[in-house]
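Down below is the structure, laid out as structure tokens.
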């Protein structure tokens, strides 16, 4: 297979971990007889410094012309002004909108050898294999916003809005994925209070009725947040709206022992997907060569699976990561001493 992969290393540790993910993909290409072409572009704070915007039109066009996008991380103290008109995170929102990706997938499957790195007891982690789907294009993050001075004080408004079709496409994806897993979807909302959540629940129920082979349960977001800690193994596929998903996916990351371990995929309808580790730019360790590259490398595996349809190659990466972890390979975030490059070398040696 010939494939064009566009990389957006971004800021902080982004270039370090993305570089190692690219090395893994190059190794896969060599071993399996593929040809992957890589093009690197700027996004985030580095793009603001160079071009004055977090994502240029030209870079977005290049992303649209690729087969998949591999993203590192964006942001840092240099650009950390919430009142700034231009912020690194705007690049991610513009990228998602431009590529029309609507679902963020975050698999969480703690490795038994890392149970001691999680704040949860090992018995609660046994059997955990959760796939969280977060809707990406609607909700509070994309609703109308305003701020005004009134006689009573400063008034700020964020609008929570959903169309039924936005809900339908992400919930339908959840059911398709659950059918290939353990056959259970948990739809998370706040239907006891929010009208948008009542539409969410109604829409999810209708889709569930059309897929009787998959079990559907509805759960309020506050209950789901407790259950993720108290009994995480009870979940299979969890699907929810944008802001709830943003919070719950970060909460779920503690199950794995380190945010550096977890990948994500943002998918749409036919266009290139966006693949990135869930961790941030970690400016405190940027440039030290100690960042955990596993999240980025597993994101590369998701890229192979979902955008290039190369399941065997994706499994090969995941198996190599599992073998390296089982063999005691650890970066500093997991209490080990391996550098970013050394950790990637250990994984590559097991491919």
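In the working numbering, the protein residues as written are 621 to 971. C-beta: ideal position from N, C-alpha, C; glycine also.
message: Rounded to whole angstroms, what is the Cα-Cα separation between residue 673 and residue 920?
response: Here residue 673 is taken as the residue at index 53 of the chain shown, counted from 1. Here residue 920 is taken as the residue at index 300 of the chain shown, counted from 1. One C-alpha to the other measures close to 27 Å.
query: How many Å lie between residue 727 and residue 956 at the Cα?
result: As a position in the chain shown, residue 727 is number 107, starting the count at 1. As a position in the chain shown, residue 956 is number 336, starting the count at 1. If I take the Cα positions, the gap works out to 24 Å.
At least three beta-carbon pairs within less than 8 Å, the region 919 to 933 to the region 758 to 765: Too few Cβ pairs lie closer than 8 Å, so no.
query: Thinking just about the alpha-carbon of each residue, which of 793, 812, 757 is nearest to the one in residue 717?
result: Position 97 of the chain shown, counted from the first residue, corresponds to residue 717. Of the candidates 793, 812, 757, the one whose C-alpha sits nearest the C-alpha of residue 717 is 757.
query: Is the beta carbon of residue 895 less than 8 Å from the beta carbon of residue 688?
result: The sequence position of residue 895 within the chain shown is 275, counting from 1. The sequence position of residue 688 within the chain shown is 68, counting from 1. Against a cut-off of 8 Å, the Cβ pair of residue 688 and residue 895 comes out as a contact.
- prompt: How far does the alpha helix (DSSP H) with residue 701 in it reach, from first residue to last?
  reply: Stepping through the chain shown from its first residue, residue 701 is reached at position 81. Premise fails: residue 701 is in no alpha helix (DSSP H) and is neither H nor E.
- request: Using a threshold of 8 Å, state whether the C-beta atoms of residue 721 and residue 888 are closer than that.
  value: The residue labelled residue 721 in the question sits at position 101 within the chain shown. The residue labelled residue 888 in the question sits at position 268 within the chain shown. Their beta carbons are under 8 Å apart, which means residue 721 touches residue 888 by this criterion.
message: To the nearest angstrom, how far is the alpha carbon of residue 891 from that of residue 927?
response: Looking up residue 891 in the chain shown gives position 271. Looking up residue 927 in the chain shown gives position 307. Straight-line spacing of the CA atoms in residue 891 and residue 927 works out to 9 Å.
task: Answer yes or no: do residue 820 and residue 782 have a C-beta to C-beta separation smaller than 8 Å?
output: On the chain shown, position 200 is the one that residue 820 refers to. On the chain shown, position 162 is the one that residue 782 refers to. Yes, Cβ-Cβ distance for residue 820 and residue 782 is below 8 Å.
Residue 782 - DSSP class collapsed to helix/strand/coil: Here residue 782 refers to the residue found at position 162 when the chain shown is read from its first residue. Coil, per DSSP.
message: Can you tell me whether residue 787 is helix, strand or coil according to DSSP?
response: The count along the chain shown starts at 1 and reaches residue 787 at position 167. Helix at residue 787.
- request: Find the nearest neighbour of residue 713 within the set 850, 663, 803, 739, judged by alpha-carbon distance.
  value: Taking the chain shown and counting its residues from 1, one reaches residue 713 at position 93. Ranking 850, 663, 803, 739 by CA distance to the CA of residue 713 puts 663 first.
- prompt: Are the beta-carbon atoms of residue 695 and residue 653 separated by less than 8 Å?
  reply: One-based indexing of the chain shown puts residue 695 at position 75. One-based indexing of the chain shown puts residue 653 at position 33. Residue 653 sits away from residue 695, with the two beta carbons spaced by 8 Å or more.
message: Quick check: the Cα distance between residue 972 and residue 766, rounded to an integer number of angstroms?
response: Because residue 972 is not part of the residues shown, which for the chain are 621 to 971, the question remains open.
- prompt: So does the region 853 to 863 actually touch the region 643 to 659, counting three or more Cβ pairs closer than 8 Å?
  reply: Verdict: no, contact absent.
Pair within 8 Å by beta-carbon distance, residue 730 and residue 939: Here residue 730 is taken as the residue at index 110 of the chain shown, counted from 1. Here residue 939 is taken as the residue at index 319 of the chain shown, counted from 1. Taking a C-beta distance under 8 Å as the contact criterion, residue 730 and residue 939 do not qualify as a contact pair.
Straight-line Cα distance separating residue 641 from residue 964: For this step, residue 964 is matched to residue 344 along the chain shown. For this step, residue 641 is matched to residue 21 along the chain shown. A direct Cα-Cα distance of roughly 8 Å separates residue 964 from residue 641.
task: Could you work out which residue in 953, 949, 954 is closest to residue 967 when comparing CA atoms only?
output: Taking the chain shown and counting its residues from 1, the one referred to as residue 967 is at position 347. Answer by Cα proximity: 949.
message: With distance defined between alpha-carbon atoms, name the residue in 625, 946, 649, 637 nearest to residue 933.
response: Position 313 of the chain shown holds residue 933. Looking at the Cα atoms, 649 is the closest of the given residues.
- prompt: Span of the alpha helix (DSSP H) holding residue 673?
  reply: Locating residue 673 in the chain shown gives position 53, counting from the first residue. First-last for residue 673: undefined, no H or E at that position.
task: With DSSP as the reference, label residue 637 as helix, strand or coil.
output: Here residue 637 refers to the residue found at position 17 of the chain shown. It is helical.
field: Inter-stretch contact at 8 Å, needing at least 3 Cβ pairs: the region 766 to 775 / the region 801 to 813
entry: Cβ pair count under 8 Å is below three, so no.
- request: Along the beta strand (DSSP E) that carries residue 894, what are the first and last residues, could you check?
  value: For this step, residue 894 is matched to residue 274 along the chain shown. Taken as a continuous stretch (DSSP letters only), the beta strand (DSSP E) holding residue 894 covers 893 to 897.
- request: Could you check how far apart the C-beta atoms of residue 897 and residue 885 are, in whole angstroms? I think they sit under 8 Å.
  value: As a working mapping, residue 897 is identified with position 277 in the chain shown. As a working mapping, residue 885 is identified with position 265 in the chain shown. So it is not a contact: roughly 11 Å between Cβ atoms.
For residue 835 and residue 828, the rounded distance between their alpha carbons: In the chain shown, the residue the question calls residue 828 occupies position 208. In the chain shown, the residue the question calls residue 835 occupies position 215. About 8 Å.
query: To which residues of the same chain is residue 824 closer than 6 Å at the C-beta, ignoring the five residues directly before and after it?
result: As a working note, residue 824 is residue 204 in the chain shown. Setting aside the 5 residues that flank it on each side, residue 824 is surrounded in the same chain by 791, 807, each with a C-beta closer than 6 Å to its C-beta; the list follows chain order.
message: By the three-class DSSP mapping on this structure, what secondary structure does residue 629 have?
response: Here residue 629 refers to the residue found at position 9 of the chain shown. Strand, per DSSP.
message: Taking 6 Å as the limit between beta carbons, can you name the residues of its chain near residue 629, skipping five residues before and five after?
response: If you number the chain shown from 1, residue 629 lands on position 9. In chain order, 635, 638, 692 place their CB closer than 6 Å to the CB of residue 629, counting only its own chain and leaving out the 5 sequence neighbours on each side.
field: Contact check, residue 853 vs residue 746, beta carbons under 8 Å
entry: What you label residue 853 is simply residue 233 of the chain shown in a count that begins at 1. What you label residue 746 is simply residue 126 of the chain shown in a count that begins at 1. Yes; because the gap between Cβ atoms is below 8 Å, this pair is in contact.
field: Contiguous beta strand (DSSP E) assignments of at least 3 residues, all confined to the region 687 to 762
entry: Runs of the beta strand (DSSP E) inside the region 687 to 762: 688 to 693, 721 to 728, 750 to 755.
One or two residues paired with residue 808 in a DSSP bridge: Position 188 of the chain shown holds residue 808. 839, 860, per the DSSP bridge assignment.
- request: Assuming residue 960 and residue 913 form a contact by the criterion Cβ under 8 Å, report the distance between their Cβ atoms to the nearest whole angstrom.
  value: Locating residue 960 in the chain shown gives position 340, counting from the first residue. Locating residue 913 in the chain shown gives position 293, counting from the first residue. At roughly 5 Å, the Cβ-Cβ gap stays under 8 Å, so residue 960 and residue 913 are in contact.
- request: Sort out for me which residues DSSP pairs residue 884 with in a bridge.
  value: Stepping through the chain shown from its first residue, residue 884 is reached at position 264. Looking at the DSSP output, residue 884 shares a beta bridge with 896.
message: Could you tell me the alpha carbon to alpha carbon distance between residue 830 and residue 669, rounded to whole angstroms?
response: On the chain shown, position 210 is the one that residue 830 refers to. On the chain shown, position 49 is the one that residue 669 refers to. Spanning the two alpha carbons is a distance of roughly 50 Å.
Own chain partners of residue 793 with C-beta closer than 7 Å, once the 5 adjacent residues on each side are dropped: Sequence index remark: in the chain shown, residue 793 carries index 173 (1-based). Closer than 7 Å at Cβ, skipping near neighbours: 723, 753.
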